[in-house]
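Visitor: At position 263 of the sequence shown the residue is numbered 247 (this note's numbering), and the sequence of numbers has no breaks. In this text, a Cβ means the ideal position worked out from N, Cα and C, and glycines have one as well. Note that the coordinates shown come from a computational prediction; the quantities given were computed from them, not determined experimentally.
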Amino acid sequence: MKQKALWMGLAVSAAVAGVMVYGWKADKEATTAAAKEGTESILTTTQLRNLPPLKETNEIKPTGETKSFTLEIKPGKWELVKGTSIDAITVNGSIPGPEIRVKEGDTVRVTVKNNLQQETAIHWHGLHVPNNMDGVPPLTQNGIKPGESFTYEFPANHAGTFMYHSHLNSVEQIDKGLYGPFIIDPQKPEDQPKYDKDITWMLSGWIVNETNGMAHGGGGMNYNYWTINGKAFPDTKPLTVKKGEKVRMRLINISNLAHPMHLHGHDFRVIAEDGHPVAQPQVMNTIDVAPGKIYDIEFIADNPGTWVFHCHELHHTMNGEVEPGGLIGVIQYEGQPAPSATEQKGQSPNMNMSDQNMPGMKH
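1) If you draw a straight line from the C-alpha of Leu35 to the C-alpha of Asp175, how long is it?
2) Can you tell me where the beta strand (DSSP E) with Asp169 in it begins and where it stops?
3) Measure the Cβ-Cβ separation of Leu111 and Phe134 and say whether it is below 8 Å.
4) Which same chain residues end up closer than 8 Å to Met(-15) when comparing Cβ atoms and leaving out the 5 residues on each side of it in sequence?
5) Determine the direct distance from the alpha carbon of Gln171 to that of Thr290, and round the result to whole angstroms.
6) Do you know how far the Cα of Asp251 is from the Cα of Gln264?
7) Buried or exposed, going by whether 16 or more other CB atoms sit within 10 Å of the CB of Ala256?
8) Could you compute how far the alpha carbon of Met117 sits from the alpha carbon of Asn126?
9) So, helix, strand or coil for Thr30, using DSSP?
10) Note down the Cα distance separating Glu40 from Gln101, rounded to an integer number of angstroms.
11) Looking at the secondary structure, which residues open and close the beta strand (DSSP E) in which Asp280 lies?
12) Assign Leu223 to one of three DSSP states: helix, strand, or coil.
13) Mapping DSSP to helix, strand and coil, what is Ala19?
14) What first and last residue would you give for the beta strand (DSSP E) that runs through Ser52?
15) CA-CA distance, Pro218 and Leu32?
16) Please list, in chain order, all residues of the same chain as Gly249 whose beta carbon is under 7 Å from its beta carbon, the five residues on each side excluded.
17) In the structure shown, what three-state DSSP assignment does Ser69 receive?
18) Got a sec? Which residues, its chain only, sit under 7 Å from Glu229 by beta carbon, not counting five neighbours each side?
19) Give the straight-line distance between the Cα atoms of Ser78 and Gly48, rounded to the nearest whole angstrom.
20) So, for Gly313: in the same chain, excluding its five sequence neighbours on each side, which residues have a beta-carbon less than 6 Å away from its beta-carbon?
21) Rounded to whole angstroms, what is the Cα-Cα separation between Thr91 and Ser150?
22) Are the beta-carbon atoms belonging to Val75 and Leu152 less than 8 Å from one another?
23) Going by Cα to Cα distance, which pick from Pro222, Ala274, Glu137, Glu83 is closest to Glu297?
24) Express the C-alpha separation of Leu27 and Ile106 in angstroms, rounding to a whole number.
25) Just the C-alpha distance for Ala17 and Lys227, rounded to the nearest angstrom, thanks.
26) Within the continuous alpha helix (DSSP H) that includes Ile158, where are the two ends?
27) For Gly81, count the other beta carbons within 10 Å of its own beta carbon; 16 or more makes it buried, fewer makes it exposed. Which is it?
28) Would you kindly work out how many angstroms separate the C-alpha atoms of Thr184 and Ile84, rounded to a whole number?
29) Ser154 to Glu318, Cα distance in whole Å?
30) What's the call for Glu132, buried or exposed, on a 16-neighbour Cβ count within 10 Å?
31) What do you reckon, are the CB atoms on Pro190 and Leu311 nearer than 8 Å?
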């Protein structure tokens, strides 16, 4: 009887072990298959190419809503990167100025208060405004005098990415920070693609003359500092994503030089140019953003890690004579180790990304 019970116990144990081995094997095969599928998915652009394109707006009806904004323009200090502050022109205390975001068909009312010691005016870059609202002295208006205000009012045209900036003494005023993004959303968002992230980058150049430890901003094309949304690397704000997310990025070049922006580890599609949808979105990994140009791009976060998105005119990835710096943004996947920054005496902090020379910056 005892011997029979022993044999039955051994049989049950063997069966259980077999089930466990089979389950382990099945789990392993499923994990391997998932890993293989994940690897294969990033080797082609199939998923990216299959995303629906943006649609052009054919009809806009007035919404009956008025969206009001105030832009207070004044001089102030601005820190481009830790340890380097300059004399700048801020809009509501920031650079770039605040994002203006409205919907197609809204009435837009923007009051500009000039606290500078010189005249200024605001141009609505790419927008279909009435001529007397275009902000171009002396053709469409007189300059806004110091201490005075001017109110612009116009209907919001078709959806897209645009910007506003100075159009009087504009080389100096723009190069010191007088600009901001202007986004128009569609009246029927349900007809457009959906995104998990919607990010705007304004690309800017700065002339920093360091004298006796003090930085003074200037105007022109001899830029030696470069910023994304007013900050130079490593102080640029990382873009944090989750695997599988669809990301829309709006690239606006307000500087006077072109920036070939290159994304590591991914391809992207150009879905709009200067506020207009692209009928046949083009897949690429580097796009040359000329002065005054605006591109909307999209990519799928399908390759976990810590990646850079940077200007491939590598002089634009420096802070003065220090590299890396300038036009470098970081795409940071959640759950991945964050890069660390180290201080170097007399220099901006340098990012250590497993190699002192920042791997991949030559590609």
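Guide: This is what the structure gives:
1) 14 Å
2) 163 to 169
3) no
4) Caution applies to Met(-15), whose pLDDT of 46 falls short of 50 and renders its modelled position unreliable; the model cannot decide the point.
5) 36 Å
6) 16 Å
7) buried
8) 11 Å
9) helix
10) 42 Å
11) 278 to 284
12) strand
13) Bear in mind that the predicted position of Ala19 carries a pLDDT of just 43, short of 50, making it unreliable; the figure below should be weighed with that in mind. Correct three-state label for Ala19: helix.
14) 50 to 65
15) 29 Å
16) Asn287, Gly289, Trp291
17) strand
18) Asp180, Lys181, Ala285
19) 31 Å
20) Ile212, Thr220, Phe293
21) 21 Å
22) no
23) Ala274
24) 46 Å
25) Only weak support is given to the placement of Ala17: the predicted model assigns it a pLDDT of 44, under 50, and the question is left unresolved by the model.
26) 154 to 159
27) buried
28) 12 Å
29) 41 Å
30) exposed
31) Per the sequence presented here, residue 190 reads as Trp, with Pro not at that position. In this structure, Leu311 does not lie closer than 8 Å to Trp190 by Cβ.
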